[in-house]
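K.L.:
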Amino acid sequence: MIFADTINITPVDVPTLRRDPFALALLRGLESRGFAQAVLHGGALRDRFMGRARAISDLDIWVNFGSAAGDRAPDMVTPGYFAAVIQELWPEAEIISAPPLSHTSSRSQSWGRMTLQYKGRHIDLHMTTVPYDLGAKALAADAPLNAVAMDASGTVRAHPLFASHAQGRIYAPLPCIEGQVAQERFEHLRRKIPGLQMPQATTGATVIPFAPRGPQPL
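For the sequence shown, counting from 1, position 17 maps to 284 in our numbering; every step adds exactly one.
1. For the segment 417-477, list the alpha helix (DSSP H) runs that are entirely contained and at least 4 residues long, ordered along the chain.
2. Using beta-carbon positions only, say whether residue 416 and residue 308 come within less than 8 Å of one another.
3. What residue from 362, 388, 386 has the CA that sits closest to residue 380's CA?
4. Taking only three categories from DSSP, how would you classify residue 483?
5. Are the beta-carbon atoms belonging to residue 426 and residue 328 less than 8 Å from one another?
6. Note down, in chain order, each residue of its chain lying with its Cβ closer than 8 Å to the Cβ of residue 276, except the 5 sequence neighbours on either side.
7. Please report the straight-line C-alpha distance between residue 376 and residue 331, rounded to a whole angstrom.
8. Taking DSSP as the reference, what is the three-state secondary structure of residue 268?
9. Is residue 364 near residue 382, with beta carbons less than 8 Å apart?
10. Should residue 419 and residue 321 be called a contact, given that it needs their Cβ atoms to be closer than 8 Å?
11. The beta strand (DSSP E) with residue 379 in it runs from where to where?
12. Please report how far the alpha carbon of residue 413 lies from the alpha carbon of residue 385, in whole angstroms.
13. Leaving out five residues on either side along the sequence, give the residues of the same chain with a beta carbon under 6 Å from the beta carbon of residue 402.
14. Please give me, in chain order, every unbroken run of the alpha helix (DSSP H) with length at least 4 that falls completely inside the segment 288-362.
15. Can you tell me whether DSSP reads residue 392 as helix, strand or coil?
16. Report back the beta-carbon spacing between residue 410 and residue 440 to the nearest angstrom; my notes put them in contact at under 8 Å.
17. Which one or two residues does DSSP pair with residue 415 in a beta bridge?
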């Protein structure tokens with residue numbers, strides 16, 4: 268099933284998803300250093316729910332870094348500053364890349380991405396000054412199968428179809444994903460998840476041709 272957008276979708280709790288102690292420790296460690304709203308998103312949670320914990324190698328983590336910047340204005344913080352914070356928090360971490368932060372033209376919002384290797388895991392650390400909540404972050408995905416997020420308290424929120432699509436191994440791209448992009452994403456995931464299927468788009472019980480629309484706000 269495909270929804271027109273996610274604006275009117277209410278995320279649900281996923282109490283049956285077993286929490287990953289390693290991921291929880293990462294989120295809590297980041298928040299202890301001033302990174303707010305630390306959230307694990309997407310594939311790692313999907314694979315754990317599907318009983319594929321051994322397949323997890325990458326973690327996508329989002330944080331709001333305004334508080335972690337300390338006395339510095341967010342638009343004046345250098346990647347080196349955050350790299351130093353991360354290495355103080357996790358001395359064994361290897362910083363792979365820490366490109367300069369990006370900013371809006373008014374410099375009122377900033378964001379960036381750092382990649383690192385830590386204890387055998389590849390971590391993509393997405394940093395932003397834009398506020399968000401757990402439910403909204405969960406829904407910011409290409410398909411219900413990947414629409415799941417966990418915060419530092421262990422609370423998990425997901426698209427209402429997440430559990431059924433994970434159990435059925437269904438990749439049903441949301442209309443905010445273009446047709447070719449959706450197909451490429453499906454082919455990538457199918458190599459990782461045996462038996463994954465991408466059905467025709469549906470609305471209710473009526474099957475309709477997949478007609479992707481342009482990006483929609485989440």
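The beta-carbon is built from N, C-alpha and C at its ideal position, and this holds for glycine as well.
All figures in this text were calculated on a predicted structure; none of them were measured in a lab.
P.N.:
Let me lay it out:
1. 429-435, 446-459
2. yes
3. 362
4. The predicted position of residue 483 is uncertain, since its pLDDT is 32 and thus under 50; no value can be drawn from it.
5. no
6. 270, 406, 426, 427
7. 11 Å
8. For residue 268, the predicted model reports a pLDDT of 35, less than 50, meaning its position is unreliable; a value from the coordinates is still stated below. Coil.
9. yes
10. no
11. 377-385
12. 23 Å
13. 278, 424
14. 288-299, 310-316, 346-356
15. strand
16. 5 Å
17. 425
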